[in-house]
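Residue numbers (the numbering used here), protein chains in the order written: chain A, 12 to 386; chain B, 2 to 74.
Please read the structure below before turning to the comments.
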């Protein structure tokens with residue numbers, strides 16, 4: 012399980028704020044979110060609490076507490092292990108400092124679960140220029156992970172991660188804004204998964220053996236996003252991301268979203284997203300023999316696959332006027348369905364000739380319900 | 002660190018170029034300032050979306066939002 016944990020165990024830098032209002036600190040707000048993921052035999056639920064407060068001048072501080080309560084009987088667990096439950100906790104603290112047209116941000120995140128610990132610190136500097144038409148953001152992040160294995164107290168392997176990020180936000184017209192982001196990530200250490208196995212052909216059947224990944228990985232991703240304001244007060248968003256790494260994974264992501272307010276209280280959001288990737292060069296669904304090659308993986312996230320998702324969300328403004336300390340409040344509900352379809356990862360829970368089992372596919376339902384308050 | 006220093010120098014250099022006349026005046030930016038035009042209107046929700054992608058997909062980076070840790074399989 013650690014390989015997929017590690018995959019996500021890095022912090023994308025605080026930046027994000029590709030805001031049209033350059034060099035302005037984020038608003039003071041608090042959000043309490045409940046999330047639920049249900050798909051492929053995996054259920055993940057939990058809260059996320061995000062609070063942000065500034066001094067109305069130069070500083071803004073944010074804190075996030077996030078929990079994943081996981082109950083897993085995924086295809087890997089069903090075919091190679093036994094169902095399990097566990098919990099991951101993540102705590103983050105960030106500080107933003109505004110000085111003239113510059114915002115400097117520091118962020119620290121710690122993620123803990125029984126067999127994976129991750130610490131990430133990041134710094135970014137954002138500068139608006141050309142009369143606030145352009146904002147350039149540069150970021151650097153450093154992560155240190157500790158990969159553990161339940162049931163094996165002697166197992167402990169490190170991962171060291173560095174991230175470089177450049178972002179550009181550009182106002183093109185009074186209705187159009189563009190965001191361009193580039194991110195380079197390098198990792199070194201135990202990038203494999205202490206639980207997962209690959210399989211090789213042994214006569215008329217197959218046998219499992221431990222996976223073995225390279226100990227380094229470098230990736231580059233570039234994303235172009237735009238938002239267009241439609242004349243009847245609605246927003247159309249388009250996005251594309253290209254990704255490539257030295258494991259030979261190449262991916263394309265495309266997204267379109269649409270936001271439509273109704274009256275003063277309702278906002279409707281819809282989104283459609285498509286993702287596709289090629290397989291890592293050391294991935295195989297079935298190796299021809301034991302130790303067929305030095306690096307081996309049969310991790311479905313390293314296979315050739317694609318996913319499509321469609322989602323809709325609605326937000327409702329709870330207050331018509333400020334109420335005490337609270338300026339405004341909203342409640343939001345979002346639903347998203349994913350369809351994952353694997354080209355060269357077989358579903359071993361279903362029968363078929365060895366090496367010719369049916370391809371794996373699954374759907375997932377994702378729900379978010381959250382309350383937001385601005386003060 | 003060398004790479005970081007170059008990136009910082011670039012920012013400061015670009016910051017000096019403030020004499021360009023903005024072609025969209027501040028008073029013409031009401032549409033852009035509308036919250037519906039934000040790339041990440043609700044950060045708590047965007048961060049969760051990014052987390053879902055990072056856990057289930059091989060690609061990473063250039064998404065905005067926050068990630069960290071996992072909770073997968």
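Glycine included, each C-beta is placed from N, C-alpha and C at the ideal position.
Residues of chain B whose Cβ lies closer than 8 angstroms to the Cβ of residue 275 of chain A do not exist; the shortest such Cβ separation is about 13 angstroms.
DSSP, read as helix, strand or coil, puts residue 34 of chain B in helix. For residue 104 of chain A, the pairing in a beta bridge is given by DSSP as A:74, A:119.
Going by beta carbons, residue 34 of chain A and residue 114 of chain A fall inside the 8 angstroms limit. Taking the C-beta atoms as reference points, residue 315 of chain A is found nearer than 8 angstroms to residue 288 of chain A. Closest option to residue 29 of chain B, judged by alpha-carbon separation, among A:73, A:175, A:187: A:187. Judged by beta-carbon spacing, residue 131 of chain A lies beyond the 8 angstroms limit of residue 178 of chain A, meaning their Cβ atoms are not closer than that value. As the crow flies, the alpha-carbon of residue 302 of chain A is around 19 angstroms from that of residue 313 of chain A. Ranking A:280, A:265, A:299 by CA distance to the CA of residue 286 of chain A puts A:265 first. For residue 312 of chain A, the residues of chain B that pass the 8 angstroms Cβ criterion are 57, 58, 59, in the order they occur in the chain. In this structure residue 304 of chain A is exposed. Its beta-carbon is surrounded by fewer than 16 other beta-carbon atoms within 10 angstroms. No Cβ-Cβ contact shorter than 8 angstroms links residue 37 of chain A with residue 59 of chain A.
With 16 or more other Cβ atoms inside 10 Å of its own Cβ, residue 353 of chain A counts as buried. Burial of residue 250 of chain A is indicated by the presence of at least 16 other C-beta atoms within 10 angstroms of its C-beta.
In the same chain as residue 299 of chain A, and ignoring 5 residues on each side of it, the C-beta atoms closer than 8 angstroms to its own belong to 211, 212, in chain order.
Only those residues of the segment 178 to 193 of chain A whose C-beta falls short of 7 angstroms from the nearest C-beta of chain B are listed: 182, 184, 185, 186, 188, 190, 192, 193.
Separation of residue 89 of chain A and residue 360 of chain A (C-alpha to C-alpha, rounded to the nearest whole angstrom) is 7 angstroms. In this structure, A:191 is the residue among A:191, A:310, A:216, A:240 with its C-alpha nearest to the C-alpha of residue 253 of chain A.
With distances taken between CA atoms, residue 61 of chain B lies nearest to A:176 out of A:209, A:176, A:76, A:43.
For residue 99 of chain A, same chain residues with a beta-carbon under 6 angstroms away, outside a window of 5 residues either side, are 79, 124 in chain order. In this structure, the straight-line span from the alpha carbon of residue 248 of chain A to that of residue 347 of chain A is close to 17 angstroms. For residue 238 of chain A, a Cβ of chain B is located within less than 8 angstroms of the residue's own Cβ.
Using a 10 angstroms sphere on the CB of residue 68 of chain A, the tally of other CB atoms stays under 16, which defines it as exposed. The bridge partners DSSP lists for residue 345 of chain A are A:324, A:379.
Going by DSSP, residue 46 of chain A is part of the beta strand (DSSP E) stretching over 40 to 50. In the three-state DSSP reduction, residue 295 of chain A falls in the coil class, being neither helix nor strand. For a Cβ distance threshold of 7 angstroms, residue set 46 of chain B lies close to residue 345 of chain A, ordered along the chain.
Excluding the 5 residues flanking it on each side, residue 38 of chain B has same chain C-beta neighbours closer than 8 angstroms at 32, in chain order.
Per DSSP, the beta bridge partners of residue 252 of chain A are A:234, A:264. If you look at residue 49 of chain B, you'll find it in the alpha helix (DSSP H) that goes 44 to 57.
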